[in-house]
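Just add 9 to wherever you are in the sequence shown, counting from 1, and you've got this note's numbering. In what follows, a single structure is set out as structure tokens and then discussed.
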Amino acid sequence: MESLTTPNSILRRQHIQNFSEASELEPHWGYAYRVVPCTNDPGSCAYLDVVYESHDLGMLYTGIFWATVLGILLLWGIGRRPPPNDPPTKFPLPLLPRHHLLHPPPPPPHRPLKSIFGHTTRLQLLILAVLTSYLTIWSFVGIVYGKWVTPIKGQPAHIVNTRTSLGPWADRVGVLAYALTPLSVLFAARESILSSITGVPYTSFMFLHKWTGYIILAQSILHTLGWVLVEGWLYQPQPDVWNKWVAQEYAIWGFVALGLLILIWICSFQWVIKNVTGYEFFRKAHYVMAMVYIGALIGHWEELQCFLVPGIVLWVVDRGARLVRMGMLHSGYQRKEGRWGFSSATAEAKLWKDDRFGDVVRLDFDHAQSPWKIGQHFFLCFTEGSIWQSHPFTPLSLPQADQFGGVRHSYIFRAKGGETKKIAKVLEENLKEAKEGGKTTTNVVLQGPYGEDIAEGLTRDVNVLCVAGGTGITYVLPVLLRLARERMNTNRKMELVWAVKRRQDLEWVGAELEELRRLGAPHGLQVRIFVTAEENAGVTEVGTKAGDEKTEGDVDSKSVQSASAGSDQSQNQRPDVNVAVNEFVANVVQGPTQVFGSGPPSMITELREAVAQRNSGSKVWKGEERFDVRLVCDDRLEW
């Protein structure tokens, strides 16, 4: 109990209590103090009992919620990798969820919500459903539902207050919205604690960040609507009660917070981002509005800032870690300048003009750093554009350091709009003045690497199928380059299926294709290239002829060099991903299969469906390991 000398700052938001008649104050974590004993009428006292008991249980339930989240993370972190000396398990149980949950949602007419959830998997929807169900349970349990009609001092007998459990329930929903805030920030962090614990890259949590935000929005609307009905309708006399309530500072901050949350929601629509704000403005505005929103929440109910301050701290730590990582990557002794300090990387750039589909740019440079892992990506900031914008790109080069400690970076991106389009125009202008083979340079600043090692666990018995569309080749190409340099395994099957718009697009990775042609042939590597947007039909045999005078890396669109010495072909049609996966698995001699995919969302959705169908726990149990098929795709969600 607290004495009556308690500062006035904690006596605000008095609810319906009369503090002037209090003999003692009873503290309740996260809520206003309770007057003890209750000096109101019996109905109001019974209602206050429900209010405070419901709130106390709500705080307990938020503790249980966070204990559940932390417990899951702890068990995941401990159990995600077996002991290093244990042999790999052949038990087919992991294939069962992979078979059923890797699928996208059922196709139409059974998937009317595809426009809402987009290209997602059943597992992501299952996690969202479990989270929503869990929060729904805590929203209703432990509340005594009832109605109390109470008199009002100084008012006629027919003017009464109607007190219901709507108020306690609205408070419960609001508390849960506060409790979800730091989890939403965790889901959005690039320097992700969740990724460190689970091994799942930060990009895989973006779906949950988005939908956790939607849940918080729904909870906030329900919380506000509940108290608007209470203060504007159930409590009397009106409009006096409403006018007095809505003028209070905490109520004003509550409406400000809800308005900001709705604005964040509207600005997150793809149509708004594409046609009104642009992605970079949305991203920066999202940061600012989110932090102001959290500040408004503290102004609304500072007793619950125990949930909000950690959210701010997590965001500040994430942003600070990015700056530190960037500084460490670019600071040190600069060999070219012969000095110590911060220096951007100078990249050699090459441009392929394409007015129909968007220009394509390739960047190559060496940078002194530790090698990254295959599949990891960097955020590139182009100093000739805007220093406030950066974009994620996956290096297509193998992460290997030379004798001077430099690592070769090579990137390919299509400049469709925004910052990349601006850089393409700058490079085009520079190329007009260039005199050396149509190449120029541009300065870039790196942040990273981010993501996981997608080639981890690729033992010599694992068969590899790579499926790529367009510039998605950068994600899968390093895997094949690494395998081609390893000791040969005649029983391993390797294949690349790549869809491009034009034959000329093969020039993007001409040197890498030539290396695969030389090193991949002994491994039996097969490459199938599909040209999807040119008029000439038919199948063209590709390969390097004897006596060809092309230099290494030079690719002619009429006589395409491929990465194989066998039955490779260039086809004028879109690849049937399901057929490609089926044929590959059917021709596997032994061992499990790993599929790497990168390309348009529609291609990845088809690839998930095909891989899910090929998994069979019963067949693996009988010794047919080829039906143990694992997918690693460019959203970095691993299975």
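C-beta atoms are modelled at their ideal positions from N, C-alpha and C, and glycine is treated no differently.
Taking the alpha helix (DSSP H) that residue i belongs to, which residues open and close that run?
i      : result
Ala179 : 175–197
Phe316 : 314–339
Val629 : 626–630
Gly308 : 288–309
Ser468 : Residue identity differs from the one stated: residue 468 is Thr in this sequence, not Ser. No alpha helix (DSSP H) holds Thr468; DSSP gives it neither H nor E.
Phe214 : Where Phe214 is concerned, there is no enclosing alpha helix (DSSP H), given that its DSSP letter is neither H nor E.
Ser4   : Nothing in the structure corresponds to residue 4, since the chain is present only between 10 and 648.
Glu428 : 427–442
Pick from the options: whose alpha carbon is nearest that of residue i?
i      : options                        : result
Ile206 : Leu486, Leu82, Phe216          : Leu82
Leu306 : Trp517, Ala188, Phe391, Ala410 : Ala188
Trp178 : Ile383, Leu231, Ala542         : Leu231
Glu62  : Ala356, Gly80, Gly39, Thr48    : Gly39
Lys510 : Pro487, Ala477, Pro36, Leu486  : Ala477
Ile321 : Ala198, Leu486, Pro165         : Ala198
Ser611 : Val586, Trp157, Met337, Gln409 : Val586
Asp470 : Ile463, Arg496, Gly481, Thr483 : Arg496
Thr173 : Leu360, Ile432, Ala377, Asp58  : Asp58
Just grab the DSSP bridge partners of residue i for me.
i      : result
Gln603 : Val473, Arg639
Ile421 : Arg371
Asn452 : Thr355
Asn7   : Past the boundaries of the shown model lies residue 7; the chain is included only from 10 to 648, so the question cannot be answered.
Pro401 : Phe388
Glu35  : Arg43
Gln409 : Note: Gln409 sits in no beta bridge, so no partner.
Tyr459 : His386
Ala621 : The partner list for Ala621 (beta bridge, DSSP) is empty, contrary to what the question assumes.
Ala530 : Per DSSP, none; premise fails for Ala530.
Val416 : His376, Ala410
Leu360 : Val370
Gly478 : Ala508
Buried or exposed for residue i, going by 16 or more other Cβ atoms inside 10 Å?
i      : result
Met215 : exposed
Ile303 : buried
Gly155 : exposed
Leu515 : buried
Ser201 : buried
Ile168 : exposed
Trp507 : buried
Gly457 : buried
Val318 : exposed
Ala41  : buried
Arg639 : buried
Asp283 : One detail in the question is off: residue 283 reads as Lys in this sequence, not Asp. The residue in question, Lys283, is exposed, as its Cβ has fewer than 16 Cβ neighbours within 10 Å.
Pro115 : Unreliable positioning characterises Pro115 in this predicted model, as indicated by a pLDDT of 45, which lies under 50. The coordinate reading is nonetheless provided below. Exposed, since its Cβ has fewer than 16 Cβ neighbours within 10 Å.
Met337 : exposed
Ser229 : buried
Lys425 : exposed
Thr429 : buried
Gln570 : Summary for Gln570: the model assigns pLDDT 34, below 50, so the residue's position carries little reliability; its value from the coordinates is reported in the next sentence. The residue in question, Gln570, is buried, as its Cβ has 16 or more Cβ neighbours within 10 Å.
Ser627 : exposed
Gly479 : buried
Glu550 : In this prediction, Glu550 scores a pLDDT of 30, lower than 50, which makes its location untrustworthy; the coordinate-derived value is nonetheless stated afterwards. So Glu550 ends up on the exposed side.
Arg89  : exposed
Arg181 : buried
Asn596 : exposed
Leu84  : exposed
Phe605 : buried
Arg635 : buried
Pro121 : Caution applies to Pro121, whose pLDDT of 47 falls short of 50 and renders its modelled position unreliable; the model cannot decide the point.
Taking the beta strand (DSSP E) that residue i belongs to, which residues open and close that run?
i      : result
Trp507 : 503–509
Gly133 : As written in the sequence, residue 133 is Gln, which differs from the Gly given in the question. Element bounds for Gln133: not the beta strand (DSSP E) but the alpha helix (DSSP H), 131–149.
Arg537 : 535–540
Assuming contact is defined by CB atoms lying nearer than 8 Å, are residue i and residue j in contact in what I supplied?
i      : j      : result
His309 : Trp262 : yes
Trp236 : Gly176 : yes
Asp643 : Thr602 : no
Val453 : Ala530 : no
Ser379 : Leu389 : no
Leu486 : Val536 : no
Arg623 : Val590 : yes
Leu217 : Ile125 : no
Ala358 : Val369 : no
Trp157 : Gly268 : no
Ala464 : Gly384 : yes
The ligand COA heavy atoms versus the CB of residue i: any closer than 7 Å?
i      : result
Thr212 : The model depicted lacks the ligand COA and carries no ligand whatsoever.
Determine, for residue i, whether the minimum Cβ-Cβ distance to residues of chain D falls below 8 Å.
i      : result
Phe387 : Absence of chain D from the displayed structure is noted, only one protein chain being present.
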